[in-house]
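Right, one structure below, let's go through it.
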Amino acid sequence: MDWKLLATTFGTLFVAELGDKTQLACMLMTAKTQKPWTVFLGSSLALVLVSFLGVMFAQFICQYVPTDVIKKIAAVAFVIMGCLIFFDKI
Numbered sequence: 859m860d861w862k863l864l865a866t867t868f869g870t871l872f873v874a875e876l877g878d879k880t881q882l883a884c885m886l887m888t889a890k891t892q893k894p895w896t897v898f899l900g901s902s903l904a905l906v907l908v909s910f911l912g913v914m915f916a917q918f919i920c921q922y923v924p925t926d927v928i929k930k931i932a933a934v935a936f937v938i939m940g941c942l943i944f945f946d947k948i
């Protein structure tokens, strides 16, 4: 196992997820239901599944599309999303 890659992935995703809408949704759901362990289990399973799907999709798509093209597409998508959010379109 590549421990450096594991630590980098964990650190990157941990920081990226702090304070995002998923975390806020979990806090609100826990406050509403008063069932923190159920919310934790459900949200953990959802995040694991979403991560799995992302990794599998990336493994598939990287066989056909160069990494630098994927990075550029992702960058353009983030700029578009940022503009839409800035102008209150989403």
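Just so we're aligned: 865 in the numbering used here is position 7 of the sequence shown, and the numbers increase by one with no gaps anywhere. All C-beta atoms in this analysis are idealised placements derived from N, C-alpha and C, irrespective of residue type, glycine included. Since the structure is predicted, the reported quantities are computational estimates derived from the model, not experimental observations.
Q | Span separating the alpha-carbon of L911 from that of Q917 | A | Along the sequence shown, one-based indexing puts residue 911 at 53. Along the sequence shown, one-based indexing puts residue 917 at 59. Taking the straight line from one Cα to the other gives about 10 Å.
Q: Mark I923 as exposed unless 16 or more other C-beta atoms lie within 10 angstroms of its C-beta, in which case mark it buried.
A: Against the sequence shown, residue 923 aligns to sequence position 65. Checking the sequence shown, residue 923 turns out to be Val, not Ile. Sixteen is the threshold: since fewer than 16 other Cβ atoms of the shown chains lie within 10 Å of the Cβ of V923, the residue is exposed.
Q.
Taking 6 Å as the limit between beta carbons, can you name the residues of its chain near L942, skipping five residues before and five after?
A. Reading the sequence shown from its first residue, position 84 is the one you call residue 942. Hits under 6 Å: I948.
(Q) Distance check for V934 and T880, CA to CA, integer angstroms please. (A) What you label residue 880 is simply residue 22 of the sequence shown in a count that begins at 1. What you label residue 934 is simply residue 76 of the sequence shown in a count that begins at 1. Those two C-alpha atoms are separated by around 23 Å.
Q.
Whole angstroms are fine: how far does the CA of L899 sit from the CA of F868?
A. Within the sequence shown, the letter at position 10 stands for residue 868. Within the sequence shown, the letter at position 41 stands for residue 899. One C-alpha to the other measures close to 19 Å.
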